[in-house]
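Heads up: the structure comes next, in structure tokens.
In my numbering, the protein residues as written are 2 to 253.
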């Protein structure tokens with residue numbers, strides 16, 4: 002099982018950079034950061050270490066690497082892979098760690114790079130990683146008017162399930178379609194048409210599709226649709242407007 006997890010850090014055809022300094026290293030001494038990075042890269046040389054932060058568990062640090070969250074001891078000798086539970090508060094600390102990281106990373110995505118369907122004065126906002134061809138993504142978008150009536154703004158970001166390139170190094174058909182949607186003169190109309198099975202007019206331009214796909218992998222996205230609340234909490238995949246509204250009211 003552990004070997005499968007290690008392999009999972011290296012799959013997906015991603016551009017991984019083992020030498021880049023992680024964005025989130027607040028509260029981590031230089032010597033400890035070095036030991037932690039050495040420990041992780043010693044197991045998975047190509048891992049992309051995106052965040053190192055102190056964990057609530059004494060003597061350990063929370064590490065997010067290539068879409069996985071683990072805990073590494075400050076001396077780099079031990080690693081824990083799994084949920085960390087605060088028994089006194091009956092709270093999943095790992096979920097909180099992911100939520101904080103997702104919230105911070107999604108805040109960096111400008112609205113201009115999203116395709117937004119919103120009521121005039123939304124009560125809630127969610128980010129949805131989507132693929133124009135997946136069946137459940139299409140079903141979700143069929144109810145977009147009802148999501149908006151419920152006061153929910155839906156902000157779509159691109160996550161082509163086929164990935165950006167295939168084994169031959171060519172861009173995938175779904176990636177090309179999503180680029181065409183994001184480059185359309187009327188992106189919302191092109192997006193809705195694509196969700197209805199209409200192939201968008203092929204076009205290209207500077208676009209965020211590749212970056213958003215790679216961001217999704219960093220945030221632990223593994224399928225579409227993936228719905229993330231404004232607080233960074235993962236709210237699931239396909240849901241009805243009523244189900245999503247109840248989840249948002251209850252805090253996830």
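Yeah, the Cβ is synthetic: ideal placement off N, Cα and C, and Gly gets one too.
The model shown is predicted, which means the values in this text are computed figures rather than measured ones.
query                                                                                                               : result
Residue 106 to residue 197 span [Cα, whole Å]                                                                       : 30 Å
CB-CB length for residue 116 against residue 77, believed under 8 Å                                                 : The pair is not a contact, with the Cβ atoms about 43 Å apart (cut-off 8 Å).
Under the three-state DSSP convention, the category residue 194 falls into                                          : helix
Stretch-stretch touch, CB-based, cutoff 8 Å, three pairs: the segment 196-213 with the segment 169-188              : yes
Backbone CA spacing between residue 288 and residue 236 [nearest angstrom]                                          : A question about residue 288 goes unanswered here, because the residues of the chain that appear run from 2 up to 253.
Selected residue, minimal CA-CA separation from residue 41, among 57, 82, 58, 59                                    : 82
Reduced DSSP category for residue 4 - H, G, I as helix; E, B as strand; rest coil                                   : Note that residue 4 scores 45 on pLDDT, short of 50, meaning its location in the model is unreliable; the coordinates nonetheless yield the value given after this. In this structure, residue 4 counts as helix in the three-state DSSP scheme.
Selection from 84, 59, 79 that minimises the alpha carbon distance to residue 70                                    : 84
Exposure label - residue 244; buried when at least 16 CB within 10 Å                                                : exposed
Reference residue 56, options 126, 94, 131, closest by Cα                                                           : 94
Three-way DSSP call (helix, strand, coil) for residue 58 in this model                                              : coil
Secondary structure of residue 109, DSSP reduced to three states                                                    : coil
Residues that DSSP places opposite residue 241 in a beta bridge                                                     : DSSP lists no partner for residue 241.
Length of the line joining the Cα atoms of residue 159 and residue 44                                               : 31 Å
Residue 195 classed as buried or exposed, judged by whether at least 16 other C-beta atoms fall within 10 angstroms : buried
Residue 75 beta carbon less than 9 Å from that of residue 33                                                        : yes
Bridge partners - residue 116, DSSP secondary structure assignment                                                  : 157
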